[in-house]
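Below you'll find the structure, written out as structure tokens, and then a few comments.
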Amino acid sequence: MKFTKSHALLVIASIGFSFILVFSTTLKNSGISSLQQVFSRMAFSLPLIFLLMMGKAKLEFRDSPHFMLRGLVFSAFLFSALSSIAFGCPVPVTVALIYTQPFFTAVISFLSGREKTSARKLAIVLVGMFGAFLASGLTPQQ
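Counting from 1 along the sequence shown, just add 1461 to a position and that's the residue number in the numbering used here.
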């Protein structure tokens, strides 16, 4: 398979997302609460969403409640992860909290009727979650 621009962007995004906890811990140590971090992320992302609405992507204004709801749900997941850092949880526990997001995404898409669930899809999500717990070093006692 040929390495394309999409692959490079995916690698850059993955590296960027992997540093969220490092930056969050640094911000927490400098006195910024997890709630302030989440609200500032939302405030910084709002102009980007408006640029997308005006730019080439031409997002429809009628779709904005859908995007706002998704952003709110993602912010809730992010807030739970950042709060775990603020409460002094070990990094493996925080990583496990973040990487359970695909499970919740699958549940939300199933409940909203946007995607049908099959045994294969469920198995993929469960194997991914199990892998996240194994990779983070989280044990049942934690």
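Where is the CB? At the ideal position from N, CA and C, for every residue including glycine.
Since we're looking at a predicted model, the values are computed, not measured.
The C-beta distance from residue 1532 to residue 1503 rounds to 7 Å, short enough to fall under 8 Å. Note on residue 1495: 16 or more other CB atoms within 10 angstroms of its CB, so buried under the neighbour-count rule.
For residue 1473, the uninterrupted alpha helix (DSSP H) segment begins and ends at 1466 to 1479. Between residue 1539 and residue 1483, the C-beta spacing is not below 7 Å.
Sequence-distant Cβ neighbours of residue 1577 in its own chain, meaning closer than 6 Å and more than five residues away, do not exist here.
Judged by DSSP secondary structure, residue 1510 falls within the alpha helix (DSSP H) whose first and last residues are 1495 to 1515.
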